[in-house]
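Position in the sequence shown counted from 1, then plus 230, gives you my numbering. One structure is given here, and the rest of the page talks about it.
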Amino acid sequence: MDLENNPTFGFCEKCQTYHSLGYGNAKLYARQVMDEFDRIKRLDYLVTEEQSEYTFSFDYLLGSYERGHMFGVLECLNEAGEVVVLRAFSSLYMGIRKIDGWVPPILSDDVYYNLLIPGESEIKTLTKELKHLSPDTDVYKDKKKLRSQNSQKLIKELQMNYTFQNFNGESKSLLEIFPSEQGIPGGVGDCCAPKLLGFAVENNLKPVGIAEFYWGGKSSSKVHGEFYPSCKSRCQPILGFLLCGLNHD
């Protein structure tokens, strides 16, 4: 696979081949986003400086002790053949999952607020209780076992509720897509490429180019302002399914 021209790709089990998406003009649009970042220094670009919340500032990204963030741009065509440029940030931004002008996450609000948040809260409560108990007691052992069971149950339920649709109109959960011989790492589906492609499918947009870049400070493997292919462990195992039907091989 030519990563220089096809940064986003994955193996499709159905077609028994790789599907990929090149840069197109996405690098150009991404550099325009970087120029904007330099200029306004925050993510909520659709509001004025007076209306902006400090929550979306880039200050923490560019600090010497903070890690940066991955961002992505997807160049698309709508049904009229007009260019539409989508943008996404990976995972959460300082705990925020939705910001105007950025594509939303794949996991629905219903699942996030009614399953994930209560489930994580319960696990955190058990963790705090364990800190005040002796590891030799039966109470400690029971609570530790319960925490493990709750954690495993929550992970499985989330994986079932992460639903992806491809350009053939097929829908599958994360459990159905991810190779069975591989353990599913945390954060699958929260990177830029799956968010962007998922939004394009839902809105009848045809992707023609994609670019993902790193913005910010501390990182052992990434450089501020550089472009990177979709991540190997989280994205590539599902991108074959997501890109199926796009016909950009």
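No residue lacks a Cβ here, since even glycine has one placed at the ideal position from N, Cα and C.
Taking residue i as part of the beta strand (DSSP E), name the residues at either end of that continuous run.
i: Ile440; result: Lys436 to Trp445
i: Tyr323; result: It is not in any beta strand (DSSP E) - Tyr323 carries neither H nor E in the DSSP assignment.
i: Val303; result: His299 to Leu307
Verify whether the separation of the beta carbon atoms of residue i and residue j is less than 8 Å.
i: Ile336; j: Thr285; result: no
i: Gly331; j: Tyr275; result: yes
i: Tyr248; j: Phe239; result: yes
i: Pro467; j: Phe408; result: yes
i: Phe486; j: Arg269; result: It is not possible to answer for residue 486, since the shown part of the chain is limited to 231 through 479.
i: Leu213; j: Leu388; result: Only positions 231 to 479 of the chain appear in this structure, which leaves residue 213 out of reach.
i: Gly447; j: Arg297; result: yes
i: Met324; j: Gly455; result: no
i: Asn308; j: Leu435; result: yes
If you follow the alpha helix (DSSP H) that residue i is part of, which residue opens it and which one closes it?
i: Thr480; result: In the structure as shown, the chain begins at 231 and stops at 479. Residue 480 is therefore absent and cannot be evaluated.
i: Tyr370; result: Asp368 to Asn391
i: Cys422; result: Cys422 to Glu432
Secondary structure at residue i, three-state DSSP: helix, strand or coil?
i: Glu406; result: helix
i: Phe397; result: coil
i: Thr278; result: coil
i: Asp339; result: helix
i: Arg448; result: A small fix is needed here, since residue 448 is Lys in this sequence, not Arg. In the structure shown, Lys448 sits in a strand (DSSP, three-state: E or B).
i: Leu228; result: Nothing can be reported for residue 228: it is not among the residues displayed for the chain, which extend from 231 to 479.
For residue i and residue j, what's the separation of their Cα atoms in angstroms?
i: Gly439; j: Asp368; result: 57 Å
i: Leu363; j: Tyr370; result: 6 Å
i: Gln412; j: Leu405; result: 11 Å
i: Arg377; j: Leu345; result: 16 Å
i: His478; j: Glu359; result: Legend: pLDDT at His478 = 47, less than 50; position of this residue unreliable, value from coordinates given subsequently. Computed Cα separation, rounded: 53 Å.
i: Leu469; j: Cys306; result: 17 Å
i: Gly475; j: Pro365; result: 54 Å
i: Ser463; j: Gly417; result: 10 Å
i: Glu400; j: Lys361; result: 46 Å
i: Lys373; j: Ile347; result: 20 Å
Determine, using beta-carbon pairs with one atom in the region 438–457 and one in the region 391–398, whether at least three such pairs fall under 8 Å.
Flag = no, the region 438–457 and the region 391–398 do not touch.
Determine, using beta-carbon pairs with one atom in the region 298–308 and one in the region 418–429, whether at least three such pairs fall under 8 Å.
Three or more beta-carbon pairs drawn from the region 298–308 and the region 418–429 are found closer than 8 Å, and the two stretches are therefore classed as touching.
Stretch-stretch touch, CB-based, cutoff 8 Å, three pairs: the region 344–357 with the region 369–387:
A contact is defined here as three or more CB-CB pairs under 8 Å, and the region 344–357 meets this definition with respect to the region 369–387.
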